[in-house]
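First comes the structure, then the notes that go with it.
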Amino acid sequence: MLIDLTEGWSVRAAGGDAVPAEVAGRALPAAVPGCVHTDLMAAGLIPDPYAGTNEERLHWIGRTDWTYTTAFDAGPAAGADRVDLVCEGLDTVARVLLNGTEVGRTRNQHRRHRFDLRPVLRPGANEVEIAFSAPYPYAEGVRAEVGERPGAYAAPYQFIRKTACDFGWDWGPALVTSGIWRPVAVHAWSTARLAAARPEVTVEPGARGPEGVVRVHVAVERAGAGAGGGLVAAVEVAGVRAEAVLAPGQDEAVVEARVPGCDLWWPRGHGGQPLYDLAVTLAEAGTPGAAALDSRTMRIGFRTVSLDTAPDEHGSAFVVRVNDRPVQVRGANWIPDDCFANRVTPQRYRTRIEQGAAANVNLLRVWGGGRYESADFYGVCDELGVLVWQDFLFACAAYPEEEPLAGEVAAEARDAVDRLAPHPSLVLWNGNNECLEGYEDWGWQEPLAGRTWGADFYHRVLPAIVSELDPTRPYIPGSPHSPGRARANDPDHGTTHIWDVWNRLDYTAYRAHRPRFAAEFGFQGPATHATLRSVLEEADMRAESPAMLHHQRAEDGHGKLLRAYTAHFGPVPPGQSHDDWHYLTQLNQARAVALGVEHLRSLWPRCAGTVVWQLNDCWPVISWSAVDGQGRRKPMWYTLRRAYRERLLTVQPEDPGRTGAAGVGGGLVVAAVNDTGEPWEGECAVVRRGLDGRVLAEVVLELRVPARGAVRLAVPEEVAVPGAPEAELLTAEAGGDRVWWFYARDHEIAYPAPKFTASAAPRGADLEVTVTADVLLRDLALFADRLDPGAEADDMLVTLLPGESHTFTVAGGAGLDTAAAVRAPVLRCVNDALAAGGAGGAGGAGGAAAG
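In this text, residue positions in the sequence shown follow numbering that gives the first Met the number 0: the first is 0, and each later residue adds one.
Structure, rendered in C-alpha cells:
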C-alpha cells in the first residue's frame with residue numbers, strides 16, 4: 000500500500016543570519032517535488048533568479064536551514080508489518096522526524112532513502128518533518144574536518160554529495176537549493192518486499208536467431224510473522240515466465256528468462272529500438288493464486304555493448320560497440336536542464352532529447368557535475384535510440400575519500416547502478432569528469448601534500464561496484480583518460496577534451512587535433528534574442544552591460560568572444576549595434592563547432608567519436624550550448640545538424656599545419672563519411688568560383704564510400720588553389736548536398752553589398768520567407784524569435800550563389816509581421832553585417848518585399 004505524500008507540505012526558514020524579515024517565521028506552501036527557491040518565487044517573496052542580476056541577492060538561501068512539514072493519516076497502513084517513508088531524493092543534509100522523533104538522517108542528494116516509521120507511527124494523524132541543514136555551512140564544516148582540496152572553483156562543492164553546479168559553474172549561476180526534489184510516499188507492507196530487482200540483459204546466439212537473456216537479481220527484505228516463510232520470485236518478459244524459490248531465510252536469488260528470436264535494440268541510425276515489458280513479482284510460496292506481496296515493471300531492450308580499447312597502429316582505440324558493431328559516436332554533453340530540477344518535466348525531457356536527435360545526435364553524455372537524471376530522461380533515450388554515457392557525479396575537483404563521504408559515495412553508486420540498469424540506452428559508466436587531468440596537470444599535487452583526492456573511488460570503489468552490479472557495461476575511470484599513459488589527454492589513447500581552442504587559440508586550430516575520441520570541445524555564443532530579452536531590460540541588451548556580463552560566466556568569456564570576432568570579422572567597428580554583435584558571435588560559435596565536428600569526423604575510424612560541449616543550458620546565458628536555457632535553437636544547432644548528418648561531405652585542408660588556417664598555400668581534400676549501412680557511390684563536383692558565381696575551374700571526383708566508412712579524395716591543384724583568395728570560393732556537391740570552402744577569412748573577403756529579393760507570405764498556418772540572391776549571400780539567417788518569442792525557422796545559415804533562392808518556413812507563423820520578416824534584424828547575412836562597419840541592413844540593402 001502506498002500513501003502519496005506529494006501534497007500538503009509547508010516550508011519555513013528555520014535558521015540563518017540573513018533571512019529577510021518577510022520570510023522569517025512564515026510557513027509557506029511547498030511544492031513536492033520542488034525546492035525552496037521555487038516555493039519562494041511562487042509566494043512572491045523573491046524575484047526570478049535568472050533575471051538581471053537578481054541571483055546575487057539570493058545567496059542567503061543556501062546559507063539558511065529549512066524545515067518541511069506535512070501530515071498523513073495512517074489509516075489501514077497502521078496494520079502492516081512495516082510502514083516506511085520512501086524518499087526518492089532529498090536535497091541534501093536533513094533530519095527526518097515522525098511525530099517529533101527522529102527516524103533517520105540524510106547527507107546525499109543523489110540516492111534514495113527509506114526510513115522505518117513503525118516504532119513511532121500513530122493509528123491516526125501523523126506529522127512528518129524534514130529539517131534541512133544549510134548546504135554551505137555543512138560543506139564548509141566537512142572541509143574544515145578533512146582538509147582543503149583544490150578544485151576549479153572556490154565553492155566547497157566537493158565536500159557535499161550534492162549537484163556540484165548548484166554552486167556555480169562557467170555557464171551556470173550559484174543557486175544552492177534545498178528541498179524534497181523527488182517524490183516521497185509512505186509504503187506499508189507485510190511479510191516481504193522487493194528491495195531490488197535489477198535486470199542483467201544480454202544476447203546470445205540461438206537456433207532461431209538472437210536469444211535474449213535476462214538475469215534478474217532479486218533481493219528481498221522481510222518483516223512480520225510471515226517473514227520466515229518461503230517466497231517465489233517470478234519474471235515475465237515477451238510471453239516467457241521464469242521463477243525462483245527463496246527458501247526460508249534466503250533473501251537473494253537470480254531469476255533467468257530466455258527469449259528466443261528476440262528483436263535487437265540498436266542505436267538510432269543502426270536499426271530499431273524494440274522494447275520489452277519486464278514484470279517482476281514476489282509472492283509467498285505454497286499459496287498459488289495469492290495476491291503478490293510486491294511487484295515491479297520496467298522496459299528493457301536486448302543488445303550487447305562493449306568498449307574496444309585494443310592497441311593499434313595509432314596507439315589504442317576507443318570505440319563503442321553495440322551488438323558487436325562499431326558505432327561512430329555523434330554526441331553532445333548534457334547538463335541539468337534547469338537549476339531547479341522540479342521544473343524539468345517529462346515533456347521537457349522529451350522535447351530536449353528530441354531536439355538532440357533532430358540534430359542527428361546519437362549519444363548524450365550525462366556530465367559529472369550535474370545529477371543522475373530521472374527515469375523519464377533514460378526512457379526517452381531508450382525509445383529514440385540515443386545512447387547514454389553516464390558519469391558518476393564527480394567533476395573538476397579533488398574529492399576527499401574520508402568519511403562521511405566515502406560511505407555515501409559507495410551507497411550512491413550502488414543506488415545509481417541499480418536504478419539505471421534496465422535502460423538499454425545506457426552504454427558506458429565513467430568515473431569522473433576531468434579529475435584525473437586535474438590531479439596530473441592542474442597543479443593539485445603540491446597543495447594536496449599527499450591527502451586523498453578521489454583516486455580510490457575511480458580506480459577501486461566504482462569499478463568494483465559496476466563489475467558486481469552491472470557487468471555487461473564497460474567502465475572507464477574518468478574523462479579525459481589515456482589508459483596506460485602518464486598523462487590524460489594523450490590524443491593517441493582514450494578520450495580527449497579539447498579546450499586549448501576556446502581558451503587560447505582560434506577555432507581553426509581544431510584541425511591540428513587528431514584524437515581517438517573527443518569527449519569535450521566547444522565554443523561559446525549568446526542565447527537567442529528572445530531568451531536574453533526575457534531576463535534583461537532593453538537598456539541591458541548590449542554586450543558590455545553589467546546584466547549581460549552577469550549572464551557570461553566563463554573566465555574572460557567576452558574577451559575570448561572578441562578574440563574570435565576580430566580574427567574572422569576584423570576589429571569591432573565603433574558604435575557597432577548589439578544586433579550585429581549578437582549575430583556575428585552566434586555565427587562564430589556555429590562555424591567553430593561545425594569546423595571541429597567535420598574535421599574530427601573526417602578522421603574516422605581513427606577518431607571514433609565526438610561529444611560536443613554542450614546540448615543544453617540550465618538558464619538564459621552566453622554559453623557553449625546548441626539549445627539555449629529556454630529551449631530555443633541557436634544557430635549552432637543548425638550547423639550541428641548538418642555536421643552530424645549520416646552522410647557527411649566536407650572540404651578539409653590536406654595538411655592543416657602546412658596550409659594555414661584557411662587552407663591557402665596547400666592542397667585540399669574532399670572527405671566523405673558514410674555512417675549508414677549502405678555504400679555511398681556517385682559523383683562529386685568540385686568547383687572553384689568567383690564570388691560572382693562564375694566558374695573558374697572544376698573537376699568531378701568519383702565517390703566510392705563503403706558502408707560505415709570514410710574516404711578522402713585529393714582536389715587537383717588547379718581547383719584547390721585560388722588565384723585571388725579574397726575573391727574566390729570553392730563548392731563541392733554530391734547527391735544534392737553542397738558544401739563550401741572560403742579561401743580567406745571574412746574580413747579579408749571582398750563581399751559584395753547584399754542585394755536580393757525577399758518575400759514573406761502565409762501558407763496555411765505557416766509563414767514562408769523566400770530569398771532570391773542577386774549576389775553571393777553568406778550565412779543567411781532568419782531570426783524568427785524577433786517576430787515572436789515562440790517562433791523558429793526550419794533552417795539557418797544558408798549560403799546562396801547569385802540567382803539562387805531559399806525558402807525558410809516558420810511553423811505556425813502565418814500571423815507574423817511579414818514586412819519585418821524580410822529586413823534586419825530578423826533577416827541577416829554576413830554581407831550586411833560587415834557592410835559599412837555593420838551599419839547596413841538586409842532590408843535596406845536588399846530591396847526586400849513583403850507579400
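The beta-carbon is built from N, C-alpha and C at its ideal position, and this holds for glycine as well.
Check your understanding: Given Ala529, which residues of its chain have a CB within under 6 Å of its CB, disregarding the five upstream and five downstream residues?
Key -> For the purposes of this step, residue 529 is taken as the residue at position 530 of the sequence shown. Taken in chain order, the residues that qualify are Asp784, Pro788.
Point to revise | Residues near Ala563 in its chain [Cβ-Cβ closer than 6 Å; skip 5 each side] | key: As a first step, residue 563 must be located in the sequence shown, where it is residue number 564. If we look at Ala563 and ignore the five residues flanking it on each side, its Cβ neighbours are Asn587.
Practice item. Closer than 7 Å by C-beta to Pro75: which residues in its own chain qualify, once you throw out the five before and the five after it? Chain order, please. Key: Numbered from its first residue, the sequence shown carries residue 75 at position 76. Within the same chain, Pro75 has close Cβ partners Met0.
Exercise for review: Entirely within the segment 262-301 and at least 3 residues each: give me those beta strand (DSSP E) ranges in chain order.
Suggested key: 275-283, 293-299
Point to revise | Reference Leu690, options Leu799, Val611, Thr808, closest by Cα | key: By 1-based counting over the sequence shown, the position of residue 690 is 691. Put simply, of Leu799, Val611, Thr808 the residue whose alpha carbon is nearest the alpha carbon of Leu690 is Leu799.
**Study point:** Nearest-angstrom Cα separation, counted from Glu732 out to Lys559
**Key:** Counting from one through the sequence shown, the residue named residue 559 turns up at place 560. Counting from one through the sequence shown, the residue named residue 732 turns up at place 733. Approximately 34 Å between the Cα atoms of the pair.
**Study point:** Outcome for Glu251 when other beta-carbon atoms lying within 10 angstroms are tallied against a minimum of 16
**Key:** If you number the sequence shown from 1, residue 251 lands on position 252. By the 10 Å Cβ count, Glu251 comes out exposed.
**Study point:** Endpoints, the beta strand (DSSP E) within which Ser601 is located
**Key:** Position 602 of the sequence shown holds residue 601. No beta strand (DSSP E) holds Ser601; the alpha helix (DSSP H) holding it covers 577-601.
Point to revise | Val663 in three-state terms, based on DSSP | key: Against the sequence shown, residue 663 aligns to sequence position 664. Because Val663 carries a pLDDT of 45, less than 50, the predicted location of this residue cannot be relied on, and the following value inherits that uncertainty. Val663: coil per DSSP, three-state reduction.
**Study point:** Buried or exposed by the 16-neighbour rule on C-beta atoms within 10 Å, applied to Glu302
**Key:** Taking the sequence shown and counting its residues from 1, one reaches residue 302 at position 303. The residue you asked about is not Glu; residue 302 is Arg in the sequence shown. It is buried - the Cβ of Arg302 has at least 16 other Cβ atoms within 10 Å.
Exercise for review: Report buried or exposed for Glu101, applying the criterion of at least 16 other Cβ atoms within 10 angstroms of its Cβ.
Suggested key: Here residue 101 is taken as the residue at index 102 of the sequence shown, counted from 1. Counting Cβ neighbours within 10 Å, Glu101 comes out exposed, since fewer than 16 surround it.
Review point. DSSP state of Phe158, grouped into three classes?
Key: The sequence position of residue 158 within the sequence shown is 159, counting from 1. Helix, per DSSP.
Check your understanding: If you draw a straight line from the alpha carbon of Val279 to that of Val82, how long is it in whole angstroms?
Key -> Along the sequence shown, read from residue 1 onward, the residue named residue 279 stands at position 280. Along the sequence shown, read from residue 1 onward, the residue named residue 82 stands at position 83. Rounded to the nearest angstrom, the two C-alpha atoms are 22 Å apart.
Review point. Exposed or buried, what is Glu727 when buried is set at 16 or more other beta-carbons lying within 10 Å of its beta-carbon?
Key: Within the sequence shown, residue 727 is the residue found at index 728, counting from 1. Buried: at least 16 other Cβ atoms inside 10 Å.
Point to revise | Contact under 8 Å by Cβ, Trp623 with Phe522 | key: Residue mapping note: residue 623 aligns to position 624 of the sequence shown, counting from 1. Residue mapping note: residue 522 aligns to position 523 of the sequence shown, counting from 1. It is a contact, given that the beta carbons lie within the stated cut-off.
Review point. From Tyr506 to Val774, what does the alpha carbon distance come to, in whole angstroms?
Key: In the sequence shown, residue 506 corresponds to position 507, counting from 1. In the sequence shown, residue 774 corresponds to position 775, counting from 1. So the alpha carbons of these two residues sit roughly 28 Å apart.
**Study point:** Pro136 (DSSP reduced to helix, strand or coil)
**Key:** In the sequence shown, residue 136 corresponds to position 137, counting from 1. Three-state DSSP puts Pro136 in a helix.
Review point. Just the Cα atoms here: how many angstroms apart are Pro247 and Gly229?
Key: Taking the sequence shown and counting its residues from 1, one reaches residue 247 at position 248. Taking the sequence shown and counting its residues from 1, one reaches residue 229 at position 230. Looking at the two C-alpha atoms, the distance is approximately 5 Å.
Practice item. Just the C-alpha distance for Pro514 and His492, rounded to the nearest angstrom, thanks. Key: Looking up residue 514 in the sequence shown gives position 515. Looking up residue 492 in the sequence shown gives position 493. About 8 Å.
Practice item. Within 10 angstroms of the Cβ of Ser478, are there 16 or more other Cβ atoms? Answer buried if so, exposed if not. Key: On the sequence shown, position 479 is the one that residue 478 refers to. That one is buried.
Point to revise | Top-ranked residue by Cα proximity to Asp736, from Ala642, Val698, Ala819 | key: Position 737 of the sequence shown, counted from the first residue, corresponds to residue 736. Minimum Cα distance to Asp736 is reached at Ala642.
Review point. Between Ala709 and the rest of its own chain, which residues show a CB-CB distance below 6 Å, the 5 nearest in sequence each way excluded?
Key: Against the sequence shown, residue 709 aligns to sequence position 710. Within the same chain, Ala709 has close Cβ partners Trp603, Val672.
Review point. Touch check for the segment 25-44 and the segment 5-13: three-plus C-beta pairs under 8 Å?
Key: yes
Exercise for review: Would you tell me roughly how many angstroms separate the C-alpha atoms of Phe376 and Arg418, rounded to the nearest one?
Suggested key: By one-based count along the sequence shown, residue 376 stands at place 377. By one-based count along the sequence shown, residue 418 stands at place 419. In a straight line, the C-alpha of Phe376 is about 13 Å away from that of Arg418.
**Study point:** Contact between the segment 221-239 and the segment 163-181 (3+ Cβ pairs under 8 Å)
**Key:** no
Practice item. Please name the residue in Leu96, Thr162, Val768 whose C-alpha comes closest to that of Asp115. Key: Within the sequence shown, numbered from 1, the residue matching residue 115 stands at position 116. That would be Leu96, whose Cα lies nearest to the Cα of Asp115.
Review point. With distances taken from CA atoms, which of Gly211, Tyr275, Ala133, Glu126 is nearest Val185?
Key: Counting from 1 along the sequence shown, the entry for residue 185 is found at position 186. It is Glu126 whose Cα lies nearest to the Cα of Val185.
Check your understanding: Three or more C-beta pairs closer than 8 Å, one from the segment 125-139 and one from the segment 431-439: is that the case here?
Key -> Because the criterion of three Cβ pairs below 8 Å is not met, the segment 125-139 and the segment 431-439 do not touch.
Exercise for review: Apply the 10 Å Cβ neighbour rule to Leu193 and answer buried if 16 or more other Cβ atoms are within range, or exposed otherwise.
Suggested key: Counting from one through the sequence shown, the residue named residue 193 turns up at place 194. Classification for Leu193: buried.
**Study point:** Asn429 - containing beta strand (DSSP E), residue span
**Key:** Position 430 of the sequence shown, counted from the first residue, corresponds to residue 429. Taken as a continuous stretch (DSSP letters only), the beta strand (DSSP E) holding Asn429 covers 425-429.
Check your understanding: Counting pairs of Cβ atoms below 8 Å between the segment 676-686 and the segment 701-717, do you hit three or more?
Key -> yes
**Study point:** Coarse secondary structure for Arg347, derived from DSSP in three states
**Key:** By 1-based counting over the sequence shown, the position of residue 347 is 348. Here DSSP, grouped into helix, strand and coil, assigns Arg347 to helix.
Exercise for review: Check Ile2 in the structure and name its three-state DSSP category.
Suggested key: Residue 2 sits at position 3 when you count from the first residue of the sequence shown. Ile2: strand per DSSP, three-state reduction.
**Study point:** 8 Å contact criterion, which His746 and Gly524 should meet: CB distance rounded
**Key:** Your numbering for residue 746 matches position 747 in the sequence shown. Your numbering for residue 524 matches position 525 in the sequence shown. Incorrect: roughly 19 Å between the Cβ atoms, too far for contact.
Point to revise | Neighbour-count burial assignment, Asp47, 16 or more Cβ in a 10 Å radius | key: Residue mapping note: residue 47 aligns to position 48 of the sequence shown, counting from 1. Exposed, since its Cβ has fewer than 16 Cβ neighbours within 10 Å.
Check your understanding: Which whole-angstrom value describes the C-beta separation of Asn431 and Trp612, a residue pair presumed to lie in contact below a C-beta threshold of 8 Å?
Key -> The residue you call residue 431 lines up with position 432 of the sequence shown. The residue you call residue 612 lines up with position 613 of the sequence shown. Rounded, the Cβ-Cβ distance is 16 Å, inconsistent with contact.
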